[in-house]
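Residue numbers (our numbering): 4 to 200. A virtual CB, placed ideally from N, CA and C, is assigned to each residue, including glycine. All figures in this text were calculated on a predicted structure; none of them were measured in a lab. A short worksheet on the structure shown next.
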Ligand SMILES: [Fe+2]
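This is how it looks when you write it as structure tokens:
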């Protein structure tokens, strides 16, 4: 099974600035994703993207929503069409005339799987947040106190344990941090703070 997208252009430049409303995006998420854990993952990544866009990139509300929307829908086709991940959601957003930058961010969230290189900061942060978010959430579930009192060093210890969240590829995490140009510690601390809400 190959997930390679084998294409380089996403969406139509004439659609720049076109987004789904929050209601439309949530409807799509609910229609396509029945798995509650996957929905939670996508909502967590969406919240991280929105928060980073606001606090670190200084984007206005419209800009924040573009980042949030990419996070909210990046795995939308994984639940029902895993063999078509992430081709299906890309084609859906293209059919809905969505901004090409949002579509491209989704297309590049797994460069080692889909063969599309993250280019913009939005692309790179989506890739960076994706797997670390899940690993940190898995860690919160095994702690009796959840996120309360969670520390950076605890997360880093889990990262070194190959058996913990074994499906999360440590090399990919390192690769994502390099591409984003953000220190691993900074991203982990940011995720702990935002996911603990
Ligand atoms: Fe994901």
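Does the Cβ-Cβ distance between residue i and residue j come in under 8 angstroms?
i	j	result
residue 136	residue 44	yes
residue 35	residue 80	yes
residue 133	residue 112	yes
residue 180	residue 141	no
How is the alpha helix (DSSP H) around residue i delimited, first residue to last?
i	result
residue 98	90 to 98
residue 44	39 to 58
residue 66	64 to 76
residue 31	25 to 35
residue 182	173 to 183
residue 167	No alpha helix (DSSP H) holds residue 167; DSSP gives it neither H nor E.
Shortest alpha-carbon distance to residue i belongs to which of the options?
i	options	result
residue 184	196, 125 and 161	125
residue 99	189, 198 and 17	17
residue 52	41, 42, 40 and 66	66
residue 198	168, 153 and 107	153
residue 127	107, 142, 20 and 138	107
residue 9	87, 200 and 146	87
As an exercise, report each continuous alpha helix (DSSP H) stretch of at least 4 residues that is fully enclosed by the segment 108 to 161, in chain order. For secondary structure counted as the alpha helix (DSSP H) over 4 or more consecutive residues, the segment 108 to 161 holds these complete runs in sequence order: 114 to 117 and 124 to 145.
Would you check if there are 3 or more beta carbon pairs closer than 8 angstroms linking the segment 189 to 197 to the segment 152 to 160? By the criterion of at least three beta-carbon pairs nearer than 8 angstroms, the segment 189 to 197 is in contact with the segment 152 to 160.
Can you confirm whether the segment 61 to 77 touches the segment 25 to 32 when touching is taken to mean that 3 or more C-beta pairs between the two stretches lie within less than 8 angstroms? With a cut-off of 8 angstroms, the segment 61 to 77 and the segment 25 to 32 count as touching, because enough Cβ pairs lie within range.
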